[in-house]
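Here's the structure, in structure tokens; my notes come after.
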């Protein structure tokens with residue numbers, strides 16, 4: 002076959018790709034992203050069929066226009082089948098994320114002190130809470146030799 006010639010491809014309908022085929026190509030990080038849309042799944046099927054025929058890799062920039070043109074010529078039922086496969090893939094990803102146990106990182110920060118008990122109600126039946134909130138300035142405008150940074154809990158020099 003001529004290297005400049007790209008054969009016409011008939012993408013399988015119904016799709017031969019499975020949800021597992023689509024997800025097995027993804028890295029661990031990409032499993033947290035949305036599922037590929039119907040066109041990307043169609044593109045994957047197109048490339049798979051093309052590799053069956055020519056048996057080698059071909060430049061994506063060369064075949065992208067053909068894939069797009071092929072997609073635009075497909076009847077609605079083919080597009081619907083690939084859309085349903087995309088939805089099944091998204092549902093599977095949601096299920097995987099739901100079953101994935103989150104990892105909590107506990108750091109050695111002191112827990113905040115509990116709020117003080119409320120004051121007795123005044124004449125208006127309102128509760129008054131006295132809360133002492135310290136104010137720590139992150140930026141000091143006066144410079145000594147060493148300043149204490151309350152935000153980062155350390156000393157620094159000017």
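Numbering (the working numbering), first residue to last: 2 to 159.
Ideal Cβ positions, reconstructed from N, Cα and C, are used throughout, including at glycine.
Among the residues of its own chain, which have a CB less than 6 Å from the CB of residue i, if the five just before and after it don't count?
{"i": "residue 87", "result": "36, 38, 39 and 42"}
{"i": "residue 68", "result": "44 and 47"}
{"i": "residue 84", "result": "39"}
Helix or strand or just coil, what does DSSP make of residue i?
{"i": "residue 47", "result": "helix"}
{"i": "residue 32", "result": "helix"}
{"i": "residue 21", "result": "helix"}
{"i": "residue 11", "result": "coil"}
With a CB to CB cut of under 7 Å and the five nearest residues on each side skipped, what residues in its chain are close to residue i?
{"i": "residue 79", "result": "14"}
Roughly how far, in whole angstroms, is the beta-carbon of residue i from the beta-carbon of residue j, given that I think they are within contact range, below 8 Å?
{"i": "residue 1", "j": "residue 24", "result": "Outside the modelled stretch of the chain, which goes from 2 to 159, sits residue 1, for which no answer is possible."}
{"i": "residue 16", "j": "residue 54", "result": "About 18 Å; that fails the 8 Å criterion."}
{"i": "residue 50", "j": "residue 12", "result": "6 Å"}
How far does the alpha helix (DSSP H) with residue i in it extend, from its first residue to its last?
{"i": "residue 83", "result": "77-100"}
{"i": "residue 27", "result": "Note, residue 27: premise wrong, no alpha helix (DSSP H); not H, not E."}
{"i": "residue 74", "result": "61-74"}
Just to confirm my understanding: we take residue i, look at its own chain, exclude 5 residues before and 5 after, and list those with CB closer than 8 Å. What are they?
{"i": "residue 66", "result": "none"}
{"i": "residue 89", "result": "20"}
{"i": "residue 91", "result": "35 and 36"}
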